[in-house]
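S.K.: In this note's numbering, the protein residues as written are 162 to 333. Note that the Cβ used here is the ideal one computed from N, Cα and C, for glycine as well. Given the structure is predicted, the values throughout are model-derived calculations rather than measurements. What follows is a structure written as C-alpha cells; I'll ask about it next.
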Ligand code: 4NP
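Pasting the structure below:
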C-alpha cells in the first residue's frame with residue numbers, strides 16, 4: 162500500500178497562547194470534517210517564548226469549545242530553527258510575526274513563510290492580537306481563522322479528493 166505524502170503546516174503568532182493555538186485546533190477540526198486530518202501534520206508556535214509550556218489562553222479555549230473544538234491538550238512553545246525545514250508552510254498571524262519569522266529563517270526557506278489571511282484567502286491583512294482586549298476580539302479572531310482554515314483546507318486537501326478532480330476527465 163502506498164501512502165500519500167503528509168503535508169505540514171505550522172501556525173505562528175507572538176505568544177502561542179491566543180491566535181496560533183486556535184488556528185491549530187480549528188484547522189485540524191476542519192481537516193477532520195473533510196476526512197483529511199491523517200494527511201497533515203499541524204502544529205503551532207510563538208515567536209516569543211514567555212508562555213512556553215502553558216495551555217492556550219482560556220478565552221481561546223472557550224471560543225473553540227463553543228464550536229466543538231478542544232484545545233486543552235495543546236501547550237505553547239517557541240519557534241525552533243528546525244521548524245523551517247520541518248514544515249512545508251509556516252503561516253504567520255500578522256505582519257510583525259511574519260517579519261520575525263523571515264529574519265529567523267535560514268536562506269532558501271523564505272518561500273514557506275506567509276501571512277495566513279493572504280495565503281488562504283488572498284486578503285493581505287493581519288489576524289489582530291486579541292490578548293489585551295475583550296471577548297469580542299476573540300470572536301473576530303475565531304471568524305477570521307475559521308474562514309482561513311476552510312479556504313486553506315480547500316486549497317491543500319482538494320487535490321487528493323479524487324484523481325480527476327479539477328481536470329477534464331479523459332482517463333476514466
Ligand atoms: P498571541 O497573543 O500572540 O495571539 O498568543 C499574545 C499572547 C501573549 C502576549 C501577547 C500576545 N504577551 O504579551 O504576553
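1) Thinking just about the alpha-carbon of each residue, which of 231, 294, 312 is nearest to the one in residue 186?
2) Is the CB-CB distance between residue 206 and residue 170 below 7 angstroms?
3) In the DSSP assignment, find the unbroken beta strand (DSSP E) run with residue 275 in it and report its ends.
4) Taking DSSP as the reference, what is the three-state secondary structure of residue 252?
5) Going by the C-beta, is residue 244 closer than 6 angstroms to any heavy atom of ligand 1?
6) Could you tell me which of 182, 243, 301 sits nearest to residue 270, measuring between CA atoms?
7) Closer than 6 angstroms: is that where the CB of residue 303 sits relative to any heavy atom of ligand 1?
8) From the DSSP output, which residues share a beta bridge with residue 242?
9) Which same chain residues, not among the five before or five after residue 181, have their C-beta less than 8 angstroms away from its C-beta?
10) How about the stretch 254-265 and the stretch 282-297: do they share at least three Cβ pairs that are nearer than 8 angstroms?
11) Would you please state the rounded distance, in angstroms, between the beta carbons of residue 195 and residue 281? I believe it to be under 8 angstroms.
12) From residue 332 to residue 308, what distance separates their C-alpha atoms?
13) For residue 330, count neighbouring Cβ atoms within 10 angstroms of its own Cβ and tell me buried if that reaches 16, exposed if not.
14) Following a CB-centred definition, is residue 176 positioned closer than 6 angstroms to any heavy atom of ligand 1?
15) Work out the CA separation of residue 239 and residue 291 for me, nearest whole Å.
16) Can you name, in chain order, every residue of its own chain whose Cβ lies under 6 angstroms from the Cβ of residue 224, other than the five neighbours on each side?
M.R.: Quick answer:
1) Of 231, 294, 312, the residue nearest in Cα terms is 231.
2) no
3) 274-276
4) Three-state DSSP puts residue 252 in a strand.
5) no
6) 243
7) no
8) For residue 242, DSSP assigns no beta-bridge partner whatsoever.
9) 172, 173, 174, 205, 206, 207, 254
10) Counting Cβ pairs under 8 angstroms, three or more are found: they touch.
11) The pair is not a contact, with the Cβ atoms about 15 angstroms apart (cut-off 8 angstroms).
12) The predicted position of residue 332 is uncertain, since its pLDDT is 38 and thus under 50; a value taken from the coordinates is nonetheless stated next. Approximately 34 angstroms between the Cα atoms of the pair.
13) The predicted model places residue 330 with a pLDDT of 38, which falls under 50 and marks its position as unreliable, so this point remains unresolved.
14) Using a cutoff of 6 angstroms, the CB of residue 176 counts as near ligand 1, since one of the ligand's heavy atoms is closer than that.
15) 19 angstroms
16) 299, 303
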